[in-house]
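Same order as they appear, the protein sequences are chains A and B.
Reminder that position 143 of the first sequence reads as 143 in the UniProt record's numbering, one-by-one numbering, no gaps.
Reminder that position 540 of the second sequence reads as 540 in the UniProt record's numbering, one-by-one numbering, no gaps.
A virtual CB, placed ideally from N, CA and C, is assigned to each residue, including glycine.
Read the structure below first, then the notes.
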Amino acid sequence: MKQFAYVRPATVTEAVAAAAQPGAVYLAAGTNLLDLMKGNISRPDRLVDVTHLDGLDRIERLADGSLRVGALVSNADLAYDAEFAKAYPAVAEALLSGASAQLRNAATVGGNLLQRTRCAYFYDTASRCNKRESGSGCDARDGENRTHAVLGWSDRCIATHPSDFCVPLVALDAIVEIEGKNGRREIALDELHRLPGNAPERESALEPGDLIVAVRLPPAARGFAAHARYLKVRERTSYAFAIVSAAAALRIENGKIADARLALGGVAAKPWRARAAEDVLKGVAPTADAFQEAAWRALTDAKPSGDNAYKIELARRIVMRALTLAAAGTPARIPALPASPFASTSGAIHA
Amino acid sequence: MPELNLTSAPAHLRHGSSIGQPLTRRDGVLKVKGEATYAADNHPPGMLFAVIAVASIAHGRVTSLDVAAAKRHPGVVDVMTPDHKPQLAIDPEIKTNPFVFRMEVLQGNEVRYANQPIAVVIAETLEAATEGAVLLAPRYETLPALVGLDAGKSYVPPVVGVGNPSENHHGDVAAGLASADKQIDATYETPAQYHNAMEPHAIVAHWNDDHLQIDMPTQGLMLSLARVAELFGIAHDKIHIRSPFLGGGFGSKGLMAGPPVLGIMAAKLVGRPVKLVLRREQMYGPVGHRAPTRQRLRIGADAEGRLTALDHHARTVSSTFDDFYEPAADASHTLYAAPAIRTSHDAVRVNTGTPLFMRAPGEATGSIALESAIDEMAWACGMDPLAFRLKNYAEVEPITGKPFSSKALRACYDQGAARFGWAKRSLRPRQMRDDAGLLVGWGMGTATFPALMFQAEARAAIRRDGTGAMEIGAHDMGQGAWTALAQIAADAVGLDIDSVNFKAGTSDLPDAGIAGGSAHTATAGAAIHSAGAAVIAKLADLATNDERSPLFGAGNTGVIARDGRLIRRDDDSRSESYSEILARAGVAEVEARGTGAPNPAAMEEYAMHAHGAVFAEVKVDPELGQIRVTRMVGAFAAGRIVNPHLVKSQLFGGMIWGMSFALHEEAITDRRSGRIMNANLGEYHIPVNADVPPLDVITVEEHDPHVNALGIKGVGEIGITGSAGAVANAVWHATGVRVRRFPIRIEELLTQR
Numbered sequence: 001m002k003q004f005a006y007v008r009p010a011t012v013t014e015a016v017a018a019a020a021q022p023g024a025v026y027l028a029a030g031t032n033l034l035d036l037m038k039g040n041i042s043r044p045d046r047l048v049d050v051t052h053l054d055g056l057d058r059i060e061r062l063a064d065g066s067l068r069v070g071a072l073v074s075n076a077d078l079a080y081d082a083e084f085a086k087a088y089p090a091v092a093e094a095l096l097s098g099a100s101a102q103l104r105n106a107a108t109v110g111g112n113l114l115q116r117t118r119c120a121y122f123y124d125t126a127s128r129c130n131k132r133e134s135g136s137g138c139d140a141r142d143g144e145n146r147t148h149a150v151l152g153w154s155d156r157c158i159a160t161h162p163s164d165f166c167v168p169l170v171a172l173d174a175i176v177e178i179e180g181k182n183g184r185r186e187i188a189l190d191e192l193h194r195l196p197g198n199a200p201e202r203e204s205a206l207e208p209g210d211l212i213v214a215v216r217l218p219p220a221a222r223g224f225a226a227h228a229r230y231l232k233v234r235e236r237t238s239y240a241f242a243i244v245s246a247a248a249a250l251r252i253e254n255g256k257i258a259d260a261r262l263a264l265g266g267v268a269a270k271p272w273r274a275r276a277a278e279d280v281l282k283g284v285a286p287t288a289d290a291f292q293e294a295a296w297r298a299l300t301d302a303k304p305s306g307d308n309a310y311k312i313e314l315a316r317r318i319v320m321r322a323l324t325l326a327a328a329g330t331p332a333r334i335p336a337l338p339a340s341p342f343a344s345t346s347g348a349i350h351a
Numbered sequence: 001m002p003e004l005n006l007t008s009a010p011a012h013l014r015h016g017s018s019i020g021q022p023l024t025r026r027d028g029v030l031k032v033k034g035e036a037t038y039a040a041d042n043h044p045p046g047m048l049f050a051v052i053a054v055a056s057i058a059h060g061r062v063t064s065l066d067v068a069a070a071k072r073h074p075g076v077v078d079v080m081t082p083d084h085k086p087q088l089a090i091d092p093e094i095k096t097n098p099f100v101f102r103m104e105v106l107q108g109n110e111v112r113y114a115n116q117p118i119a120v121v122i123a124e125t126l127e128a129a130t131e132g133a134v135l136l137a138p139r140y141e142t143l144p145a146l147v148g149l150d151a152g153k154s155y156v157p158p159v160v161g162v163g164n165p166s167e168n169h170h171g172d173v174a175a176g177l178a179s180a181d182k183q184i185d186a187t188y189e190t191p192a193q194y195h196n197a198m199e200p201h202a203i204v205a206h207w208n209d210d211h212l213q214i215d216m217p218t219q220g221l222m223l224s225l226a227r228v229a230e231l232f233g234i235a236h237d238k239i240h241i242r243s244p245f246l247g248g249g250f251g252s253k254g255l256m257a258g259p260p261v262l263g264i265m266a267a268k269l270v271g272r273p274v275k276l277v278l279r280r281e282q283m284y285g286p287v288g289h290r291a292p293t294r295q296r297l298r299i300g301a302d303a304e305g306r307l308t309a310l311d312h313h314a315r316t317v318s319s320t321f322d323d324f325y326e327p328a329a330d331a332s333h334t335l336y337a338a339p340a341i342r343t344s345h346d347a348v349r350v351n352t353g354t355p356l357f358m359r360a361p362g363e364a365t366g367s368i369a370l371e372s373a374i375d376e377m378a379w380a381c382g383m384d385p386l387a388f389r390l391k392n393y394a395e396v397e398p399i400t401g402k403p404f405s406s407k408a409l410r411a412c413y414d415q416g417a418a419r420f421g422w423a424k425r426s427l428r429p430r431q432m433r434d435d436a437g438l439l440v441g442w443g444m445g446t447a448t449f450p451a452l453m454f455q456a457e458a459r460a461a462i463r464r465d466g467t468g469a470m471e472i473g474a475h476d477m478g479q480g481a482w483t484a485l486a487q488i489a490a491d492a493v494g495l496d497i498d499s500v501n502f503k504a505g506t507s508d509l510p511d512a513g514i515a516g517g518s519a520h521t522a523t524a525g526a527a528i529h530s531a532g533a534a535v536i537a538k539l540a541d542l543a544t545n546d547e548r549s550p551l552f553g554a555g556n557t558g559v560i561a562r563d564g565r566l567i568r569r570d571d572d573s574r575s576e577s578y579s580e581i582l583a584r585a586g587v588a589e590v591e592a593r594g595t596g597a598p599n600p601a602a603m604e605e606y607a608m609h610a611h612g613a614v615f616a617e618v619k620v621d622p623e624l625g626q627i628r629v630t631r632m633v634g635a636f637a638a639g640r641i642v643n644p645h646l647v648k649s650q651l652f653g654g655m656i657w658g659m660s661f662a663l664h665e666e667a668i669t670d671r672r673s674g675r676i677m678n679a680n681l682g683e684y685h686i687p688v689n690a691d692v693p694p695l696d697v698i699t700v701e702e703h704d705p706h707v708n709a710l711g712i713k714g715v716g717e718i719g720i721t722g723s724a725g726a727v728a729n730a731v732w733h734a735t736g737v738r739v740r741r742f743p744i745r746i747e748e749l750l751t752q753r
């Protein structure tokens, strides 16, 4: 592997200064970055190790009812935090359906947000990839692309964002706290990831040196705890990315949907918030017809980018199912096979 | 390497013999503690690291390598290229025997498949060698790649598998199909699958003057040694290979592949020991794989559901530079009693590493197609799939008419079906649901694998201290040879297993033959059995010819060996311990050799196969198409079971692979470039623990007096056959959708709700 400098800053300010240099990248758990480096997809000059920074590994209840999760909290620690799982069950279920137990123990909240696509052509350095090398072309476009994007893609890039965690987070209006050269700022998670357009190499709204220090769930996010699910269809029960996933969260009052949240995973270069579908659900009874209408609305703009037309129909069915499950109520315990259609199958052991 | 310190076994329950006892594996504690020395764990002083650079094109020529840039990188010692390498004694393109396959050892600039080795960087550290390989930045002249089952004009290969005729027939297939009341004509596709043993190919090579020390996982110590000897032009006795443990072989480590040869060349080039380990993605090319197939089955049956004809054609691929043909259609030779059978193969050449042996080559690919087709035929006849199979039960081998040496398949069907509860199955598909509304399907498949024997030799000794020794260059790939063969050795010399010093895994020991074809326990076991009998005969000679012995006059056939004593067969009270016999004779030990080999007369007379029946339950989400296997029962008859514990593990592993074949495994090749796009364990899906349901294995009693002296048939590969089809058939039964392309994918089940 390419030789690189390794620095371990003592403070966030030092970290931002070190990472603002050209060729520098942040290193947290490295569950994605180290693979990228071993495969020569990423060849950084300098790793800025943030794992020793103080204060980024806490889960805090704020006075206004928000929850603030430090960027260095591990996926496993967050998912197994009982209070967190109770308040944001779809997020915990999504976390536990991601990667493998070993990876979840290492992977961090901040890193998960910034994981790279799993497009095989991005990882294969002999292929053309506009994301990896701007302007080189996209070999996925006419290649083996049955798992690629059906929403928000462009001719330059049809890759998807692979995160499970981000899907319910974006549904719940999560906010990302960023420390940068000019101090602290925050943006909606929905604005963190960019669609490819003409510049698929620009994946996020972050500027050089920007460090995600926390993810915040606003007070309203707790209001969906009774009716929130994450559902993920994939090709094996663990250690596989979603073909399509969905997070559905409802606030039901007096038999009517007072508020609805819906986001899809595995369909676009970002976690896909389906606001038009949410709109049709607000104020109506949680019926199969309403969910069906929402499922159609969610995929109105979808179109295949290759051999993946089935993902559009699959996404509709997943939306329908996720809403149905959410309406039925959050289970008292996270299922043994989290986010799986087989969650209720008896005898299943933990994935 | 220190002497192997195998676990001193806990007091096992003994009932007179070691064979048949479910001993836990004797190398288990070593492995759990990380103390088992695998090839790449060896670090001789002064060792360097070699990393292979591989081609990123599938067809063309390397036009330049930036050797200077690689050499400038700190720590890089040398770069081996076609222009800078030790000369081999023979051209690696020459096939000196049928088990030699062409390999790429930098003999030129031609690229014939993606991931072909094109250079080797040797450095002080693994990191430096890895970066050196990147800095080579190869440039290519790229030619169009031949990809897929329709890549070019097809041809009929002269042979398929290992010397099987590519076409075979019995009876009149055309007439059989014409006279049929019911016919099916269905085409199935199976993908390329690649070897993903936990331990990748690895070698530590160390030249000491003209002596070559090799640490390398191999399923064929002597075949590998012979190939190294001819490639490097050195005598057999100048080479020593150690292979005490393999982290899985599955056919990929049977024959010498190119990468380990490159490791030996690199060590020669730099004059220091060299370690070379393949990266995971480098396994997808130069070390063999399972070829893709497209199989057409045409089957006819009469009004009573009796087969009238079975026509099985398989299209497969081979490389552009060598010949190996997945003998998929041959799976139809042995199972079903059709009066007319035809099997045939054709192939196209593609830019791929030569496909080779991968667990049940031919049987696995052929079985999923045949078992699916038989299931389709049963449905067409309106019959239960088990009843249909029983109706067409082969009392003699259909393609040859030979009787079976033994065949307890009927008992497998009975016991497996009873354990599974098959009788409650609905005939029609898409009828069964569970409480959660998931579709439930039950499917079955018949398992079969030939009972093979190769050649082996073993050396046995009895020592004056009353202990025994058994030496054989056998291979433990994880299947448990250290335990099962030691059990056979213990019985062969009439001692407790812990009193026998069992040695295996190095090339200086007698040749155990290749650990392949599910034949290793049978072959090595037969040699051990025969060596043990020979050494006991020598010992008996000493006793029965000595008038001071209580056994004097008993004659060779008049004693039996048990618990370290020779005992007069007709008089239990007259016996003498091994130590007493040797002490009085004044010898330190007696030794003898024995061999194991196929019996041509028996093979001429009998068809020899292991059999089994696998039953699977799947659940399918009716809207989302996601499939989960929830239960599998396999009943197998494979002759004598040496160690039921290890045998069950082997069968479990095979059944899981069968499930993987039906639902998960597939190499995705870019149709334009010929590159494999999922050459890693993240994207090349095999089942994880959470995918594997409760498995139930029944070993059905079977006595076979013909296959070999011990009656062993082998269990290494049969588990994958039958299982893949059982899962596929269960998916059909659950959904009513017959998927004929494997692995079954979600989108194929979304067609209906």
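query	result
Cβ of G711/B within 7 Å of Cβ of G639/B?	yes
Is R14/B buried or exposed, if buried means 16 or more other CB atoms sit within 10 Å of its CB?	Its pLDDT being 44, under 50, R14/B is placed unreliably by the model, and the measurement read from it follows with that caveat. R14/B is exposed by the Cβ-count criterion.
Listing by chain order, which chain B residues have their CB less than 7 Å from the CB of S238/A?	V688 and A690
Measure the alpha-carbon distance for A387/B versus A314/B and round it to whole angstroms.	27 Å
For the region 674-692 of chain B against the region 373-392 of chain B, do three or more pairs of beta-carbon atoms, one drawn from each stretch, fall closer than 8 Å, so that the two count as touching?	no
Give me, in chain order, the residues of the same chain whose beta-carbon lies closer than 8 Å to that of L269/B; leave out the 5 immediate sequence neighbours on both sides.	D78, M80, H84, K85, P86 and I122
Using the C-alpha atoms, what's the distance from A667/B back to G288/B?	13 Å
V396/B and A309/B: beta carbons closer than 7 Å?	no
Provide the residue span of the alpha helix (DSSP H) that contains H733/B, from first to last.	S723 to T735
Quick one, which residues of the region 39-63 of chain B are near chain A if we go by CB-CB under 7 Å, in chain order?	S56
Near V215/A, which residues of its chain fall below 8 Å by C-beta distance, leaving aside the five closest residues on each side in sequence?	R68, V69, A71, V109, G110, L113, L169, A174, I175, V176, E177 and L189
Just to make sure I have the definition right: I need the residues of chain B whose C-beta is within less than 7 Å of the C-beta of K303/A. Which are they?	Going along chain B, no residue has its Cβ under 7 Å from K303/A, so there is no contact; the nearest lies around 16 Å.
Using CA atoms only, rank isn't needed, just tell me which of P286/A, V319/A, N308/A and A285/A is closest to W296/A.	V319/A
If you compare alpha carbons, which of V737/B, T735/B and V67/B is closest to G132/B?	V67/B
Please go through the region 70-144 of chain B and give each complete alpha helix (DSSP H) segment of 4 or more residues, from N-terminal end onward.	126-135
With a threshold of 16 other CB atoms inside 10 Å of the CB of A18/A, please say whether the residue is buried or exposed.	buried
Along the region 597-621 of chain B, what residues have a CB closer than 8 Å to any CB found in chain A?	K619 and D621
Quick one: what's P403/B bridged to in DSSP?	V396/B
Apart from the five residues just before and just after S42/A, which ones in its own chain have a Cβ nearer than 6 Å to its Cβ?	L36
Are the C-beta atoms of Q626/B and some chain A residue less than 7 Å apart?	yes
Would the beta-carbon of N708/B fall within 7 Å of that of A408/B?	no
Helix, strand or coil for M470/B? Go by DSSP, reduced to three states.	strand
Between which two residues does the beta strand (DSSP E) harbouring A662/B extend?	Careful: A662/B lies outside any beta strand (DSSP E), inside the alpha helix (DSSP H) at P644 to L663.
Give, in chain order, every residue of the region 317-341 of chain A whose Cβ lies closer than 8 Å to some Cβ of chain B.	R317, I318, M320, R321, L337, S340 and P341
Between L135/B and chain A, is any beta-carbon pair separated by less than 7 Å?	no
Report the start-end ranges of each alpha helix (DSSP H) in the region 219-248 of chain B that is 4 residues or longer and not cut off at the edges.	221-232
Could you have a look at H520/B and say whether DSSP puts it in helix, strand or coil?	helix
DSSP on L539/B, reduced to helix/strand/coil?	helix
Can you give me the start and stop residues for the alpha helix (DSSP H) that V173/B sits inside?	V173 to A178
With distances taken from CA atoms, which of R242/B, L177/B, E167/B and N164/B is nearest A202/B?	R242/B
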